[in-house]
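Comments concern the structure below.
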């Protein structure tokens, strides 16, 4: 874990995604998660409400997050999803989300993969992760733009940012209204 993190730091990759600006407006989110996982179900409860309200659109791709094939599965799923995104849209997603519910320390250890972490570091889109439970930590948490304890907290973070931005815009519109009335 420490050697992988040190290698990413020495190559200038570890903080690269963290330094990206937080999207002002999150409208399109690419989600990578294990198919039919409980954590995905928790995430989708709130995500579906945002999608139904026309606030934010989510595109889901599945990957294995457990076992020795997990890093390759996640990398392949992300690369395939981004290629498909380019075909379907003429813009990048506002956010990439990787989520997976809790598991044993041994299961999560497969996510401490250098190649997977380096791929995430090099993305030009902020990556938010919610893997495991409060006590769980992987290399992906270390290199992500934002790290959350659980998938539910990731969607909570998205929802909270959207609400915050709506309030900022509303406040700005009120200021413009007051200033224009003053000028008239």
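Residue numbers (the working numbering): 1 to 184. For glycine and all other residues, C-beta sits at the position ideal for the given N, C-alpha and C.
Worksheet item: Quick one: what's got a C-beta closer than 6 angstroms to residue 52's C-beta in the same chain, skipping five residues either side?
Response: Contacts found: none.
Practice prompt. Under 8 angstroms by Cβ, that's how I've got residue 58 and residue 49 pegged, so tell me the actual separation to the nearest angstrom.
Written response: Contact flag wrong, Cβ pair sits at about 11 angstroms.
Fill in: Unbroken stretches of the beta strand (DSSP E), 3 residues or longer, contained in the stretch 27 to 76
Complete beta strand (DSSP E) runs here, min 3: 28 to 33, 57 to 62.
Worksheet item: Around the C-beta of residue 80, are 16 or more other C-beta atoms found within 10 angstroms, so that it is buried, or is it exposed?
Response: The residue in question, residue 80, is exposed, as its Cβ has fewer than 16 Cβ neighbours within 10 Å.
Item to complete: Could you pull out every residue in the same chain whose Cβ sits closer than 6 angstroms to the Cβ of residue 119, ignoring the five residues on either side in sequence?
Response: Answer for residue 119: 75, listed in chain order.
Discussion item. Please identify the residue among 100, 163, 110 whose C-alpha is closest to the C-alpha of residue 128.
Written reply: 100
Practice prompt. Counting only the same chain and skipping the five closest in sequence on each side, list residues whose C-beta sits under 7 angstroms from that of residue 40.
Written response: Once the five neighbours on either side are set aside, the close Cβ partners of residue 40 are 33, 34, 99, 151.
Worksheet item: Within 10 angstroms of its Cβ, does residue 71 collect 16 or more other Cβ (buried), or is it exposed?
Response: With 16 or more Cβ atoms within 10 Å of its Cβ, residue 71 is classed as buried.
Worksheet item: Closest to residue 19 by CA distance: which of 154, 172, 146 is it?
Response: 146
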